[in-house]
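> Got a structure for you, questions after.
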């Protein structure tokens, strides 16, 4: 009898304790809510040259002046250390159709204000404002720990547009690739080519990282999976502060929904380049016609003992990329339709 009473009391104590899921989800919002809030602030960037070569990536609108945060390798040519000739920025439609011809409409051009090749960060200025968009608030990376849930929004090649993937923070890494100050989160949230420059968001919808690279093969050729990296938001904050940029920082304990922005607000004001006091290693001005004496920022080489993690540049023709996306989606649709018909025939037999 005493054992039975003790068991009942223990069960009562256990039932009075909140479950692990209830604890970690308190105050959080669902991935769907995060997507609805932050998605309109995430953009697709096509960087092209007159010869049709270029790069595709993702970015986040970070303030009401039309500044976009992304990776340097999305907008800067590796061979010249100069911006691509034309930057097209596409905005998320109110409702995605899955048809790139319809979803990728009315792009706005942008210019590179500043970039840091080593940190792989770039700040863009939109040349005009879209009809409506949202700001992606920048959160506090210092509060993030291993195991915290995160989501990534971007445009993976051979995938859809404005896709959402989710996972957790795996660990933190300092000085990634031997670059001082390049502190990152490692995450298992899927990040692929095309996601570069997009936000890594916490469970309250604040950006706590900028997706930058992925590990796919070790030095011996062994395939690596679920090892992806995002530059910590506090690194971004420090870099932006040196550039004199005012951005939408999320509250420390209660990140709120990104504010909607309408065209009635003041015209964008370009961010001034950093003064001479700024360290050239961290602050590299980007101008349409830079002086011939300007020296490109040289990235530190990746140590031989480390896996290859930087997303390689893959030249493409912008029009062909969109057509390829359409073709792959149509092929997938045909394949799915064929599978449905096979199953239907099997049921009828």
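Numbering (my numbering), first residue to last: 916 to 1264. All C-beta atoms in this analysis are idealised placements derived from N, C-alpha and C, irrespective of residue type, glycine included. Here the structure is a predicted model, which is why all the values come from computation and not from measurement.
(1) Which residue from 975, 1158, 1032 and 1025 puts its Cα closest to that of residue 1094?
(2) Take the Cβ of residue 1024 as the centre, count every other Cβ of all protein chains shown within 10 Å, and call the residue buried at 16 or more, exposed below.
(3) Check the DSSP bridge columns for residue 1025 and list the partner residues they point to.
(4) If you run the structure through DSSP and keep just helix, strand and coil, what is residue 988?
(5) Which partner residues of residue 982 appear in the DSSP bridge assignment?
(6) When DSSP labels each residue in this structure, what does residue 1097 get in the three-state scheme?
(7) Quick check: the Cα distance between residue 1050 and residue 1148, rounded to an integer number of angstroms?
(8) Within its chain, find whatever has a CB closer than 8 angstroms to the CB of residue 1057; leave out the 5 residues flanking it on each side and keep chain order.
(9) Just the C-alpha distance for residue 1006 and residue 1089, rounded to the nearest angstrom, thanks.
(10) By DSSP's criteria, residue 1069 is part of a beta bridge. Which residues make up the other side?
(11) Would you call the CB atoms of residue 895 and residue 974 closer than 8 angstroms?
(12) Hey, quick one: how far does the beta strand (DSSP E) through residue 1143 stretch, first residue to last?
(13) Among 1100, 1108, 1259 and 1078, whose alpha-carbon lies nearest the alpha-carbon of residue 988?
(14) With burial defined as no fewer than 16 other Cβ atoms inside 10 Å of the residue's Cβ, what is the status of residue 1055: buried or exposed?
(15) With a threshold of 16 other CB atoms inside 10 Å of the CB of residue 1080, please say whether the residue is buried or exposed.
(16) Measure the C-alpha to C-alpha separation of residue 1118 and residue 1257 and round it to an integer number of angstroms.
(17) Quick check on residue 964: buried or exposed, where buried means 16 or more other Cβ atoms within 10 Å of its Cβ?
(18) Return the chain-ordered list of same chain residues with a C-beta closer than 8 angstroms to the C-beta of residue 1104, the five sequence neighbours on each side being excluded.
(19) Assuming residue 1069 and residue 1113 are in contact, meaning their beta carbons sit under 8 angstroms apart, how far apart are those beta carbons, in whole angstroms?
(20) Exposed or buried, which one is residue 1219 when buried takes at least 16 other CB atoms within 10 Å?
(21) Tell whether a beta-carbon distance below 8 angstroms holds between residue 949 and residue 1124.
(22) Is the beta carbon of residue 1146 sitting closer than 8 angstroms to the one on residue 1036?
(23) Alpha carbon to alpha carbon, how far is residue 978 from residue 1110?
(24) What residue does the alpha helix (DSSP H) around residue 976 start on, and which one ends it?
(25) Can you list, in chain order, the residues of its chain whose CB lies under 8 angstroms from that of residue 1034, leaving out five sequence neighbours each side?
(26) Just reading off the beta strand (DSSP E) that residue 960 is part of, what are its end residues?
(27) Could you check if residue 1253 is buried or exposed, using at least 16 other CB atoms within 10 Å of its CB as the buried criterion?
(28) Can residue 1076 and residue 959 be called in contact, C-beta distance under 8 angstroms?
(29) Per DSSP, what are the beta-bridge partners of residue 1164 in this structure?
(30) Would residue 1255 be called buried (16 or more neighbouring beta carbons within 10 Å of its own) or exposed?
(31) Out of curiosity, what's the CA-to-CA distance linking residue 1156 and residue 1249?
(32) Residues in its own chain within less than 8 angstroms of residue 946 by CB, not counting five upstream and five downstream?
Let me spell this out:
(1) 1032
(2) exposed
(3) 1002 and 1041
(4) helix
(5) 1040
(6) coil
(7) 15 angstroms
(8) 1149
(9) 33 angstroms
(10) 1078
(11) With the chain running from 916 to 1264 in the structure shown, residue 895 is simply not present.
(12) 1143-1147
(13) 1108
(14) buried
(15) buried
(16) 41 angstroms
(17) exposed
(18) 1065, 1066, 1067, 1080, 1081, 1082, 1083, 1115 and 1143
(19) 4 angstroms
(20) In this predicted model, residue 1219 has a pLDDT of only 36, less than 50, meaning its place in the structure is not dependable; the value taken from the coordinates is given anyway. Exposed: under 16 other Cβ atoms inside 10 Å.
(21) no
(22) yes
(23) 21 angstroms
(24) It is not in any alpha helix (DSSP H) - residue 976 instead sits in the beta strand (DSSP E) that spans 969-976.
(25) 987, 1094, 1096, 1097, 1146, 1150, 1154 and 1197
(26) 957-963
(27) exposed
(28) yes
(29) 1053
(30) exposed
(31) 50 angstroms
(32) 1066, 1079 and 1081
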